[in-house]
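Line order of the protein sequences matches chains A and B. Going by the numbering used here, the first residue of the first sequence is number 1, and it counts up by one from there. Going by the numbering used here, the first residue of the second sequence is number 1001, and it counts up by one from there.
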Amino acid sequence: GDEFAKHDEL
Amino acid sequence: MNIFRLAGDLSHLLAIIILLLKIWKTRSCAGISGKSQVLFAIVYLTRYLDLFTTYISLYNSIMKIVFIAASGATLYLMYVKFKATYDHNHDSFRIEFLLIPCVILALIINHDFTVMEILWTFSIYLESVAILPQLFLVSKTGEAESITSHYLFALGSYRALYLLNWIYRYMAESHYDLIAIFAGVVQTILYCDFFYLYITKVLKGKKLQLPA
């Protein structure tokens, strides 16, 4: 999936 | 960071400032839905909890604090200081019909079944429908002050610019987040009829009148 460490958007 | 996301964040910041100025200058929150503002406060509080756990950048942290503070200030002005001007009768959208489905959907469709991730997902879903009480209020009163329509235009533009940001990030960084994109599309679609009215009327100096 589109896993990624952290949400970097506001 | 890219130009679309920066423009989106600035448009979002502009919307929040326009709203605060409108309430402060006119000393009235007529035409503004307190329920939408409550939903936005919930959106920021549930999404920006990572303010204390994850450091992204100074910009990211400052903007989160500004959004939380501004939404708190707006709620204070609406429900305390200028409470008398709050339009209870027309601001009657049942927000539990928005909160409950968002909670359920966040528990079903998410990236990771952890508290932080569920809260982030809930916040993303809630933000996509948080403007409904405001649009409902405008449809019930049949009109909106031009300052309120500028607020709505800036707020609607922010997520529309984020859609461009997501296209850019997919092409440039092959990064995408289907939950944020899906919710962002829904959110922007909800503004479409308002965008049409704004561009065809307000920009021509007319008052925003919804067809009765």
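Note that the Cβ used here is the ideal one computed from N, Cα and C, for glycine as well.
Identification of chain A residues near ARG1005/B by a Cβ-Cβ cut-off of 9 Å yields GLU9, LEU10, ordered along the chain. Legend: CB atoms of the segment 1083-1116 of chain B lying less than 7 Å from CB atoms of chain A belong to residues HIS1111. At a Cβ-Cβ threshold of 7 Å, LEU1164/B and PHE1052/B do not count as neighbours. Take the alpha-carbon of TYR1168/B and the one of HIS1012/B: they are about 19 Å apart. Within the same chain, and ignoring the five residues on either side of ASP1009/B in sequence, the residues whose Cβ sits closer than 8 Å to its Cβ are MET1063, TYR1158. Looking at the backbone, the Cα of HIS1111/B and that of LYS1025/B are separated by about 43 Å. DSSP lists no bridge partner for LEU1013/B. Distance from the Cα of ARG1027/B is smallest, within the candidate group MET1078/B, LEU1203/B, TRP1166/B, for MET1078/B. When DSSP assignments are scanned along the segment 1145-1184 of chain B, the uninterrupted stretches of alpha helix (DSSP H) that are 4 or more residues long and fall wholly within it turn out to be 1146-1173. Here GLU1143/B is bridged, per DSSP, to GLN1209/B. Contact annotation for ILE1056/B against chain A: LYS6, ASP8 [CB-CB distance below 8 Å, chain order].
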